[in-house]
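Scroll down for the structure; my scribbles are underneath it.
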Amino acid sequence: GVFRVDTLGEVDEQLFVTVDTERLEELGLSMAQVANAISLNNTSFPAGSITREGSSITVRTAHQFGSIDDLRNLTVGFENTSGGPIFGPQTGARAILVSEIAEVEVGTADPRTISRTNGRPSLSLAILKDPDANTVDVTEGVLDAVRGLERSGELPDYIEVLVLSNDGPAVKESLDALLLDGAVGFLFAVMVVFVFLLNVRPSLMRGAALAILPTIIIGISIPLSILLGILFMSFTDITLNFMSLAGLAIAVGRVVDDSIVVLENMYRHIQWGEERMEAAYEATKEVSAAIVSSTLTTVAVFVPLAFIQGLVGEFFSPFALSVSLALIASTIVAITAVPVLGALLLRRDEQALTGLSKTDDAANDSLIQRLYAPILAWSLKYKFATLLIAISLTAGISVPLMIFVIPVTFFPAGTPEFLTIDLELPTSTSVDRTFVEVAKIERVLEEFESMGFVETYQVTLGASANEFGPNVASGGFDVAGFFVRLNKDTVPDDIGDRIRARMPVADDLSVTLREISGGPPSDALEINVTGSNFTDISAVAQDLEERLGEIEGIINLASSVSEAKREVVVNVDPARAAEFGLTTVAVGQQVNQFIVGRPVSEIDLAGVTMDIVLRGRPGEVDEIDKLKNLTIEGPLGHTDLGTIARIAIEDGPVSITRFDSERSASISGDIVGEDTQAIGRRVAAVIASMPKPPGVQVRTGGIFEQINEGFADVGTAMGIGIVLVYLVMVASLGSVRNPFIIVLSLPLAVMGALLALAITGRTLSLSALMGFLLLIGVVVTNAIVLLTFVEQLRERGYNVYDALVEGGRIRLRPILMTAFTTTFALLPLAAFSTTDSGIIGAELATVVIGGLISSTFLTLIVVPVIYTLMNDSIPGLFGRLWSKVRGGPSLRAPTSGFQPGDD
Numbered sequence: 009g010v011f012r013v014d015t016l017g018e019v020d021e022q023l024f025v026t027v028d029t030e031r032l033e034e035l036g037l038s039m040a041q042v043a044n045a046i047s048l049n050n051t052s053f054p055a056g057s058i059t060r061e062g063s064s065i066t067v068r069t070a071h072q073f074g075s076i077d078d079l080r081n082l083t084v085g086f087e088n089t090s091g092g093p094i095f096g097p098q099t100g101a102r103a104i105l106v107s108e109i110a111e112v113e114v115g116t117a118d119p120r121t122i123s124r125t126n127g128r129p130s131l132s133l134a135i136l137k138d139p140d141a142n143t144v145d146v147t148e149g150v151l152d153a154v155r156g157l158e159r160s161g162e163l164p165d166y167i168e169v170l171v172l173s174n175d176g177p178a179v180k181e182s183l184d185a186l187l188l189d190g191a192v193g194f195l196f197a198v199m200v201v202f203v204f205l206l207n208v209r210p211s212l213m214r215g216a217a218l219a220i221l222p223t224i225i226i227g228i229s230i231p232l233s234i235l236l237g238i239l240f241m242s243f244t245d246i247t248l249n250f251m252s253l254a255g256l257a258i259a260v261g262r263v264v265d266d267s268i269v270v271l272e273n274m275y276r277h278i279q280w281g282e283e284r285m286e287a288a289y290e291a292t293k294e295v296s297a298a299i300v301s302s303t304l305t306t307v308a309v310f311v312p313l314a315f316i317q318g319l320v321g322e323f324f325s326p327f328a329l330s331v332s333l334a335l336i337a338s339t340i341v342a343i344t345a346v347p348v349l350g351a352l353l354l355r356r357d358e359q360a361l362t363g364l365s366k367t368d369d370a371a372n373d374s375l376i377q378r379l380y381a382p383i384l385a386w387s388l389k390y391k392f393a394t395l396l397i398a399i400s401l402t403a404g405i406s407v408p409l410m411i412f413v414i415p416v417t418f419f420p421a422g423t424p425e426f427l428t429i430d431l432e433l434p435t436s437t438s439v440d441r442t443f444v445e446v447a448k449i450e451r452v453l454e455e456f457e458s459m460g461f462v463e464t465y466q467v468t469l470g471a472s473a474n475e476f477g478p479n480v481a482s483g484g485f486d487v488a489g490f491f492v493r494l495n496k497d498t499v500p501d502d503i504g505d506r507i508r509a510r511m512p513v514a515d516d517l518s519v520t521l522r523e524i525s526g527g528p529p530s531d532a533l534e535i536n537v538t539g540s541n542f543t544d545i546s547a548v549a550q551d552l553e554e555r556l557g558e559i560e561g562i563i564n565l566a567s568s569v570s571e572a573k574r575e576v577v578v579n580v581d582p583a584r585a586a587e588f589g590l591t592t593v594a595v596g597q598q599v600n601q602f603i604v605g606r607p608v609s610e611i612d613l614a615g616v617t618m619d620i621v622l623r624g625r626p627g628e629v630d631e632i633d634k635l636k637n638l639t640i641e642g643p644l645g646h647t648d649l650g651t652i653a654r655i656a657i658e659d660g661p662v663s664i665t666r667f668d669s670e671r672s673a674s675i676s677g678d679i680v681g682e683d684t685q686a687i688g689r690r691v692a693a694v695i696a697s698m699p700k701p702p703g704v705q706v707r708t709g710g711i712f713e714q715i716n717e718g719f720a721d722v723g724t725a726m727g728i729g730i731v732l733v734y735l736v737m738v739a740s741l742g743s744v745r746n747p748f749i750i751v752l753s754l755p756l757a758v759m760g761a762l763l764a765l766a767i768t769g770r771t772l773s774l775s776a777l778m779g780f781l782l783l784i785g786v787v788v789t790n791a792i793v794l795l796t797f798v799e800q801l802r803e804r805g806y807n808v809y810d811a812l813v814e815g816g817r818i819r820l821r822p823i824l825m826t827a828f829t830t831t832f833a834l835l836p837l838a839a840f841s842t843t844d845s846g847i848i849g850a851e852l853a854t855v856v857i858g859g860l861i862s863s864t865f866l867t868l869i870v871v872p873v874i875y876t877l878m879n880d881s882i883p884g885l886f887g888r889l890w891s892k893v894r895g896g897p898s899l900r901a902p903t904s905g906f907q908p909g910d911d
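Residue numbers for the sequence shown follow the working numbering, so the first one is 9 and each next one is one higher.
Below is the structure:
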């Protein structure tokens with residue numbers, strides 16, 4: 009399951025040949041000659057083949073260094089002591105050995121990065137899993153392997169293995185929390201069903217005994233639906249991860265709805281005197297259209313997510329698919345398993361369960377039914393007043409909450425689990441200066457470790473905190489990155505501010521601290537200043553950075569506008585270099601050989617293969633005079649570097665970036681606090697008020713762009729989802745008018761959802777918007793159940809008014825049961841989620857609970873009113889108008905038994 013292992017802080021052993029350039033100059037040699045002598049005398053060269061005794065045998069010339077002394081005694085040239093030529097061992101010529109011009113010793117390579125953990129030297133490993141591997145299994149396997157090394161004694165006692173970051177426990181904790189929330193939600197749902205079925209009229213014990221069997225049926229239907237949904241998931245690419253399990257946890261509250269409707273209707277038929285098998289068939293047939301329609305409408309709202317690209321589609325698609333499959337499974341269970349279980353377990357004499365007599369008369373109505381009837385009658389009498397009250401409540405509560413109370417952000421913020429600290433110094437900073445500043449930060453972290461807030465901290469010199477791997481080195485030790493693991497059980501919410509206040513401060517020092525939670529991405533600010541004149545761009549960027557620094561909630565501001573950096577420039581004269589057969593590249597390679605050192609060959613020492621690195625003395629490479637006197641070897645002779653090049657310290661080029669093919673400067677930062685949108689408005693106001701030269705534009709990006717795009721995507725999905733919901737209802741209910749009535753009731757859920765967010769102090773984020781998307785499919789269920797039964801009553805001869813009153817009275821109990829079971833099933837997820845990843849599900853559940861409560865009670869009143877207007881009042885009004893135009897009787901006689909002024 010392990011895909012790759014990256015290492016930081018690792019150093020290799022090398023055999024260094026450190027040349028004395030003064031001695032080389034005295035002997036008339038160059039580093040290029042020494043490099044050639046080493047590489048060409050430590051090789052194996054194929055020389056052809058010969059035929060011997062009928063067989064072809066290859067011939068090769070070879071010499072390999074077998075020891076350090078072999079290299080030290082290698083001849084690299086000859087010293088002319090008699091004035092003769094020095095092209096070979098002539099009389100008067102003395103061989104020059106490597107040992108005369110260089111020190112040869114084994115050492116460690118200059119590290120590209122230096123790693124320290126808890127203030128001590130360390131080697132850091134980043135272990136990445138295969139994309140398809142199980143995170144928990146891989147992390148536990150790696151830790152088992154490490155523990156095995158410790159038990160076997162293969163790791164010395166002075167080596168300590170620390171875990172800096174481990175995704176396994178966090179993933180397991182999140183999944184366990186979701187499973188627990190789902191299990192508790194299941195228990196809550198079953199308890200609510202039992203309470204609704206409980207009737208104490210005969211006696212409490214008798215009522216409890218009679219309520220057990222139907223409660224068991226509902227209890228069986230929930231896990232059966234979830235398991236069937238998981239079976240459906242196995243045929244897709246969706247795995248059991250956080251988002252898919254969150255979808256199943258959310259679905260626990262919804263899958264029970266269909267079973268409740270079927271069971272309650274089946275009970276009514278049994279009480280009418282029908283046989284149990286007949287009652288199961290007739291009751292299921294009677295409500296099957298309603299429950300299939302309600303399920304399809306919920307599934308339909310998620311269809312647009314499949315076509316949304318980017319983070320929204322990628323992040324929420326597993327959630328949407330798991331919810332949809334669980335709901336489809338619940339419908340199958342409701343129309344197959346529940347009727348069978350009901351026919352086997354329910355008995356006719358258990359009429360106390362539903363409060364229904366064999367004739368469904370109102371004498372057996374419950375208290376809530378008796379309270380509902382006069383309220384509905386008043387609403388049907390004063391239809392426009394009822395609508396005005398509903399609209400006023402919805403708008404009067406929702407608008408102020410949206411504008412003044414509920415903060416808007418991209419994703420809800422979680423508890424910080426890690427900190428990253430980036431330290432940046434001037435380019436010319438020595439490693440010693442960097443170590444000094446690193447030590448200051450280490451002492452601060454050590455103090456917080458002693459307080460129990462910090463568990464482990466690791467720093468990498470030569471790389472920033474968000475980089476890890478073999479090729480992340482910045483090229484110098486002017487940067488250092490800390491990765492700090494916090495103790496999430498004891499860490500205070502203001503840990504970032506407390507540590508930030510203790511960071512070292514200096515004019516040439518930049519320290520950036522960021523908090524990382526276990527949830528989705530954090531809020532990052534990004535602003536681009538574009539134009540054609542870089543001077544104007546730089547001025548605007550610097551001015552904007554200063555103004556943004558005054559906005560509370562924005563930290564870690566940084567600009568990409570770079571100052572000129574000092575550097576040593578070797579300006580090669582191509583004409584002079586050509587006299588010695590040299591090019592600028594050839595000169596650069598020899599200068600690099602002197603300053604940095606380059607491998608020229610390899611050697612095997614005691615079974616360990618290491619590079620032979622030829623380099624200049626560390627003290628000499630920092631002296632420009634030494635650099636000028638460096639001997640450069642060419643095909644036509646050798647010369648000093650100062651002869652063919654001008655060496656000077658100059659300002660290096662300024663880094664210029666581009667955005668949309670235009671010159672640009674970017675300003676980055678982090679946003680703290682929950683109301684990202686409010687900060688965005690202040691940023692927009694600052695940008696609008698500041699003067700800008702002609703041609704310079706300022707564009708916001710980062711989190712503001714993500715919010716705009718994400719909210720727009722979800723808004724588009726909602727719009728398309730509502731259209732799909734309407735079309736599904738038209739197809740399943742066979743009506744154009746009734747689905748339109750149901751769609752008109754959707755805004756009633758907004759008030760409750762926003763009120764729930766405000767009461768709980770949660771934010772309006774993408775996860776909350778996903779709750780609104782789910783709410784579209786959930787809230788229409790009540791209206792579908794109500795209006796489907798009203799239409800059935802009208803087919804039996806009821807007029808509009810009587811059908812609404814009777815249908816509302818009979819369907820009140822199953823509607824309230826489904827609403828309350830969904831609410832209580834989601835309550836653990838909304839109220840008790842403690843993990844950072846659970847916050848996403850908590851916001852979503854909060855929206856669904858609040859929206860479902862408000863829409864349920866308002867739907868029971870407002871939907872009948874709209875139905876009356878659409879089916880009686882408005883057609884009657886047009887009929888009377890048509891009658892007056894034609895001067896005859898109305899084309900439509902009133903069908904409702906209800907007239908204004910009736911009781």
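Just so it is clear, CB atoms sit at the ideal spot from N, CA and C, and this is done for glycine as well. All of these numbers come straight from a predicted model, not from anything done at the bench.
Which parts of the stretch 632-719 are runs of the alpha helix (DSSP H), unbroken and 4 residues or longer, counting only runs that do not cross its ends? Segments of the alpha helix (DSSP H) lying fully in the stretch 632-719: 632-636, 649-652 and 684-697.
Based on Cα-Cα distance, which residue from Arg31, His646, Ala178 and Asp265 lies nearest to phenylalanine 426? Nearest option by C-alpha distance: Ala178.
Locate the alpha helix (DSSP H) running through methionine 919, then write down its first and last residues. An answer regarding residue 919 cannot be provided, because it is not within the stretch 9 to 911 covered by the chain.
At least three beta-carbon pairs within less than 8 angstroms, the stretch 783-797 to the stretch 754-772: The stretch 783-797 is in contact with the stretch 754-772.
From glutamine 41 to proline 54, what distance separates their C-alpha atoms? Going from the Cα of glutamine 41 to the Cα of proline 54 covers about 23 angstroms.
For the stretch 789-796 and the stretch 282-300, state whether three or more C-beta atom pairs, one from each stretch, are separated by less than 8 angstroms. Between the stretch 789-796 and the stretch 282-300, the count of C-beta pairs closer than 8 angstroms reaches three or more; the two stretches touch.
For aspartate 612, the residue or residues it bridges with in DSSP: DSSP, once it has assigned bridges, lists Thr617 as partnering aspartate 612.
Got a sec, what are the start and stop residues for the beta strand (DSSP E) asparagine 746 sits in? The continuous stretches of beta strand (DSSP E) do not include asparagine 746, which lies in the alpha helix (DSSP H) extending over residues 745-752.
Would you check if the distance between the CB atom of glycine 9 and the CB atom of lysine 137 is smaller than 8 angstroms? In this structure, glycine 9 sits near lysine 137, with a CB-CB distance shorter than 8 angstroms.
Quick check on phenylalanine 327: buried or exposed, where buried means 16 or more other Cβ atoms within 10 Å of its Cβ? Under this definition phenylalanine 327 is a buried residue.
Specify the secondary structure class of valine 855 as computed by DSSP and reduced to three states. The answer is helix: DSSP assigns valine 855 an H, G or I state.
Kindly indicate which three-state DSSP category alanine 117 falls into: helix, strand or coil? In this structure, alanine 117 counts as coil in the three-state DSSP scheme.
DSSP state of asparagine 231 mapped onto helix, strand, coil: It should be pointed out that residue 231 corresponds to proline in this sequence rather than to asparagine. Here proline 231 sits in helix by DSSP.
Length of the line joining the Cα atoms of isoleucine 225 and glutamate 272: Cα to Cα, the separation comes out at about 11 angstroms.
Comparing C-alpha positions only, which one of Ala586, Gly605, Leu206 and Ser773 sits nearest to glutamate 628? Nearest C-alpha to glutamate 628: Gly605.
Taking the alpha carbon of leucine 866 as the reference point, which residue from Leu752, Leu777, Leu774 and Tyr809 has its own alpha carbon closest? Nearest C-alpha to leucine 866: Leu752.
Residues in its own chain within less than 8 angstroms of threonine 116 by CB, not counting five upstream and five downstream? Excluding residues within five positions, the ones whose Cβ falls inside 8 angstroms are Val19, Asp20, Glu21 and Gln22.
For isoleucine 167, which of helix, strand or coil comes out of DSSP? Isoleucine 167: coil per DSSP, three-state reduction.
Express the C-alpha separation of threonine 121 and alanine 471 in angstroms, rounding to a whole number. Rounded to the nearest angstrom, the gap between the Cα atoms of alanine 471 and threonine 121 is 7 angstroms.
Would the stretch 133-152 count as touching the stretch 485-499 if we require 3 or more Cβ pairs under 8 angstroms? When C-beta atoms of the stretch 133-152 are compared with those of the stretch 485-499, fewer than three pairs fall below 8 angstroms, so the two segments do not count as touching.
To test your reading of the DSSP string, which unbroken beta strand (DSSP E) runs of 3 or more residues are found completely within the stretch 466-522? Taken in chain order, the whole beta strand (DSSP E) runs of length 3 or more contained in the stretch 466-522 are 487-494.
What separation, rounded to the nearest whole angstrom, lies between the Cα atoms of serine 267 and asparagine 790? One C-alpha to the other measures close to 14 angstroms.
Among Thr423, Pro424 and Glu445, whose alpha-carbon lies nearest the alpha-carbon of leucine 433? It is Glu445 whose Cα lies nearest to the Cα of leucine 433.
What do you get for methionine 698, buried or exposed, if any count of 16 or more other CB atoms within 10 angstroms of its CB means buried? Methionine 698 is exposed by the Cβ-count criterion.
Measuring alpha carbon to alpha carbon, tell me which residue in Ser773, Tyr806, Ile750 and Leu16 is nearest valine 788. Relative to the Cα of valine 788, the nearest Cα in the group Ser773, Tyr806, Ile750 and Leu16 belongs to Ile750.
The alpha helix (DSSP H) with threonine 15 in it runs from where to where? Run containing threonine 15: none in the alpha helix (DSSP H); it sits in the beta strand (DSSP E), 10-16.
Residues in its own chain within less than 6 angstroms of threonine 292 by CB, not counting five upstream and five downstream? Here threonine 292 has Val270, Ile343 and Pro347 as same chain residues with Cβ atoms under 6 angstroms from its own Cβ, once five neighbours each way along the sequence are excluded.
Starting from valine 25, follow its DSSP beta bridges and name the residues at the other end. Paired residues: Val112 and Leu622.
Close-in-space but distant-in-sequence residues of the same chain around phenylalanine 588 (CB under 6 angstroms, 5 per side omitted): Within the same chain, phenylalanine 588 has close Cβ partners Gly642, Leu644, Gly645 and Thr647.
Proximity below 8 angstroms, CB of valine 808 to CB of asparagine 746: Result no, Cβ atoms of valine 808 and asparagine 746 do not sit closer than 8 angstroms.
Does the distance from the C-beta atom of isoleucine 611 to that of leucine 79 stay below 8 angstroms? Cβ atoms of isoleucine 611 and leucine 79: closer than 8 angstroms.
So what's aspartate 810 in DSSP terms, helix, strand or just coil? Secondary structure of aspartate 810 (DSSP, three-state): helix.
Measure the CB-CB distance between glycine 779 and serine 540 and report whether it falls below 8 angstroms. Taking C-beta atoms as the reference points, glycine 779 and serine 540 fail to come closer than 8 angstroms.
Do valine 580 and isoleucine 652 have their CB atoms nearer than 8 angstroms? One thing to note: valine 580 has its Cβ within 8 angstroms of the Cβ of isoleucine 652.
If you count every other CB in all the chains shown that lies within 10 Å of the CB of glycine 815, and 16 or more means buried, which is it? Burial call: buried.
Go ahead and label serine 38 buried or exposed: buried means 16 or more other beta carbons lie within 10 angstroms of its beta carbon, across all protein chains shown. A residue is called buried once 16 or more other Cβ atoms fall within 10 Å of its Cβ, and serine 38 is buried on that count.
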